[in-house]
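Q: Per full-length UniProt numbering, the very first residue in the sequence shown carries number 1; after that it's consecutive. Here's a structure for you.
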Amino acid sequence: MTATPQQPSEGTNNRHPCPPVLARVTRTLAGAGVDAPRVEAELLAAHVLGVPRGRLLLVDGLTDDQLDQLAGLVTRRAAREPLQHLTGTAGFRHLELAVGPGVFVPRPETELLAGWGIDRARRSVEPLVVDLCSGSGAVALAVAQEVPTARVVAVERSAAALVWLRRNATDRAAAGDRPIEVVEADVTAPGLLDELAGRVDVLLCNPPYVPAGTAVPPEVADDPAEAVFGGADGLAVVRPVVARAARLLRPGGALAVEHDDTHGRAVPDLITADGRFEAVTGHADLAGRPRFTTALRRRDDASGPAWQTGSS
Ligand SMILES: C[S@@+](CC[C@H](N)C(=O)[O-])C[C@H]1O[C@@H](n2cnc3c(N)ncnc32)[C@H](O)[C@@H]1O
Numbered sequence: 001m002t003a004t005p006q007q008p009s010e011g012t013n014n015r016h017p018c019p020p021v022l023a024r025v026t027r028t029l030a031g032a033g034v035d036a037p038r039v040e041a042e043l044l045a046a047h048v049l050g051v052p053r054g055r056l057l058l059v060d061g062l063t064d065d066q067l068d069q070l071a072g073l074v075t076r077r078a079a080r081e082p083l084q085h086l087t088g089t090a091g092f093r094h095l096e097l098a099v100g101p102g103v104f105v106p107r108p109e110t111e112l113l114a115g116w117g118i119d120r121a122r123r124s125v126e127p128l129v130v131d132l133c134s135g136s137g138a139v140a141l142a143v144a145q146e147v148p149t150a151r152v153v154a155v156e157r158s159a160a161a162l163v164w165l166r167r168n169a170t171d172r173a174a175a176g177d178r179p180i181e182v183v184e185a186d187v188t189a190p191g192l193l194d195e196l197a198g199r200v201d202v203l204l205c206n207p208p209y210v211p212a213g214t215a216v217p218p219e220v221a222d223d224p225a226e227a228v229f230g231g232a233d234g235l236a237v238v239r240p241v242v243a244r245a246a247r248l249l250r251p252g253g254a255l256a257v258e259h260d261d262t263h264g265r266a267v268p269d270l271i272t273a274d275g276r277f278e279a280v281t282g283h284a285d286l287a288g289r290p291r292f293t294t295a296l297r298r299r300d301d302a303s304g305p306a307w308q309t310g311s312s
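Now the structure itself:
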């Protein structure tokens, strides 16, 4: 799309009607290899106009200034800057989260993991839910919104991500959701949240899991590397998280861990091999690829409950 505003045509009152603008933006984004160019064209135009996407065609076109602003955003998006960094927000289930450089942009596939966790949490009266590797707070805040009786603890290590997490947590609390507890910590640290050992009802985690060296699309390259890459085999954070989950969950408590689509066997095997889980189940994402694994903390722990012995 050209950044030069068009001359207003007679009768448009200095307005550029949306349909042809959207068509041009769509062509530009498609040419840049953006996956859903029409949807993104509409989202960018809606952002500039300050209206919901569904109301775009009811708007009386864009002004010259708005067209300029849109052209600037389209240029950046065509250079594959993430859409959510341009709009400053990311939708996640029923939430609109603030995101930007320094924090992982929440993905639609993680909504499924969050939904599974929410369903499990609703089975307890006042569930204790832990979200490890919390990033923007997407999973933790979705639970807090959808399970108002839940006590939710969100753990994140990155100072940059924590800024967004705390901002989103403050915004949601101001909107009336039960405040979540934000913990700055390394989820692989021995002793993490030991004070909750054996008491957690649901533990959710979307860790960095892409094997180091894997080629990723430009938008993913804009996410912080520590949010994306999980060591040589992609399991460097998953392994200690599973051990920690076994220690923190109560008997019968529920675990869900997101993983790479190449780990559809490795993560269920790893959880099973721990010996403290049962009902280990793989789940696919919206595209049908293996995406997260769930399990329940065994009630009959033959090796003795780790949460009583002090081991991790
Ligand atoms: C894939 S992102 C997930 C963010 C969020 N849960 C979501 O689903 O959108 C992984 C997050 O884990 C954080 N992280 C990576 N290693 C960590 C560690 N050892 N301890 C705590 N957080 C870590 C990263 O900073 C990043 O925010």
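A virtual CB, placed ideally from N, CA and C, is assigned to each residue, including glycine. Values in this document were obtained by computation on a predicted structure and should not be read as measured data.
1. Compute the distance between the beta-carbons of GLU226 and SER136, then report whether it is under 8 Å.
2. Considering just the uninterrupted stretch of the alpha helix (DSSP H) at LEU270, what are its terminal residues?
3. Let me know the beta strand (DSSP E) ranges lying completely inside the UniProt domain "Methyltransferase small" (129–210), each 3 residues or longer, listed in chain order.
4. For a quick check, are the C-beta atoms of VAL74 and LEU62 less than 8 Å apart?
5. If ARG239 sits next to ASP261, beta carbons under 8 Å apart, how far is it from one beta carbon to the other, in whole angstroms?
6. Between the Cα of VAL105 and those of ALA232, LEU286 and PRO224, spot the shortest distance and give me the residue it belongs to.
7. Below 8 Å on the Cβ atoms is my guess for VAL242 versus LEU193; work out the distance and round it to an integer in Å.
8. DSSP on LEU43, reduced to helix/strand/coil?
9. What residue from ARG107, GLU42, PRO52 and THR89 has the CA that sits closest to ASP285's CA?
10. Could you name the residues of the same chain whose beta carbon sits closer than 8 Å to that of residue 380, not counting the 5 residues immediately before and after it, in chain order?
11. Thinking just about the alpha-carbon of each residue, which of VAL220, ALA236, ALA150 and PRO217 is nearest to the one in ALA189?
12. Between VAL267 and the rest of its own chain, which residues show a CB-CB distance below 7 Å, the 5 nearest in sequence each way excluded?
13. According to the Cβ coordinates, are GLU254 and ILE271 closer than 8 Å?
14. Excluding five sequence neighbours on each side, which residues of the same chain lie with their C-beta closer than 7 Å to the C-beta of ARG122?
15. For the beta strand (DSSP E) that LEU249 lies in, which residues bound it at each end?
16. Does DSSP put ARG80 in a helix, a strand or coil?
17. Ligand 1 heavy atoms versus the CB of CYS133: any closer than 7 Å?
18. Pick out whichever of ARG55, ALA23 and GLY50 has its Cα sitting closest to the Cα of ALA41.
19. Taking the alpha-carbon positions, what's the TYR60 to PRO19 distance?
20. In or out: ARG93 buried (at least 16 other Cβ within 10 Å) or exposed?
21. Return the CA-CA distance between PRO37 and LEU249, expressed in angstroms with no decimal places.
22. In the DSSP assignment, find the unbroken beta strand (DSSP E) run with VAL95 in it and report its ends.
23. Would VAL210 and PHE229 be called neighbours here (beta carbons separated by less than 8 Å)?
24. Roughly how many angstroms lie between the CA atoms of ASN206 and VAL130, to the nearest whole one?
25. Bridge partners for PHE92 per DSSP, in chain order?
26. For LEU44, which residues in the same chain have their Cβ closer than 8 Å to its Cβ, ignoring the five residues on either side in sequence?
27. According to DSSP, is LEU49 part of a helix, a strand, or is it coil?
28. Determine the DSSP secondary structure at GLY54, reduced to helix, strand or coil.
29. Would residue 313 and GLN145 qualify as a contact pair, given that the criterion is a beta-carbon distance under 8 Å?
30. Assign GLN308 to buried or exposed, taking buried as 16 or more other Cβ atoms, counted over all protein chains shown, within 10 Å of its Cβ.
31. Which residue wins for smallest C-alpha separation from PRO179, given the options GLY275, ARG167 and GLY213?
32. My assumption, with CB atoms under 8 Å, is that ILE118 sits in contact with ALA142. Please give the rounded CB distance.
A: This is what the structure holds:
1. It is not a contact, given that the beta carbons lie outside the stated cut-off.
2. 266–274
3. 151–156, 181–184 and 200–205
4. no
5. The Cβ separation is near 18 Å, so there is no contact.
6. Closest in alpha carbon position to VAL105, among ALA232, LEU286 and PRO224, is PRO224.
7. About 15 Å; that fails the 8 Å criterion.
8. Three-state DSSP puts LEU43 in a helix.
9. ARG107
10. Since the first residue shown for the chain is 1 and the last is 312, residue 380 is missing from the structure and cannot be characterised.
11. Residue ALA236 is the option with its Cα nearest to ALA189.
12. VAL238, VAL257, HIS259 and THR293
13. In the sequence as presented, Glu is not what sits at residue 254; that position holds Ala. No, they are not a contact pair.
14. Setting aside the 5 residues that flank it on each side, ARG122 is surrounded in the same chain by VAL147, each with a C-beta closer than 7 Å to its C-beta; the list follows chain order.
15. 249–258
16. coil
17. yes
18. ALA23 is the residue among ARG55, ALA23 and GLY50 whose C-alpha sits nearest the C-alpha of ALA41.
19. Before going on, a small fix: residue 60 reads as Asp here, not Tyr. One C-alpha to the other measures close to 11 Å.
20. Buried, because 16 or more other Cβ atoms sit within 10 Å of the Cβ of ARG93.
21. 43 Å
22. Going by the sequence as given, residue 95 is Leu instead of Val. Taken as a continuous stretch (DSSP letters only), the beta strand (DSSP E) holding LEU95 covers 95–98.
23. Cβ distance < 8 Å, so VAL210 and PHE229 count as in contact.
24. 12 Å
25. BP columns for PHE92 point to LEU95.
26. VAL25, LEU70, LEU73, VAL74, ARG77, LEU83, LEU86 and THR87
27. DSSP, reduced to helix, strand and coil, places LEU49 within a helical segment of the structure shown.
28. helix
29. This structure leaves residue 313 out entirely; the chain is present only between 1 and 312.
30. Caution applies to GLN308, whose pLDDT of 44 falls short of 50 and renders its modelled position unreliable; the value that the coordinates give is listed next. Classification of GLN308: exposed, given that the 10 Å Cβ count is below 16.
31. It is ARG167.
32. 7 Å
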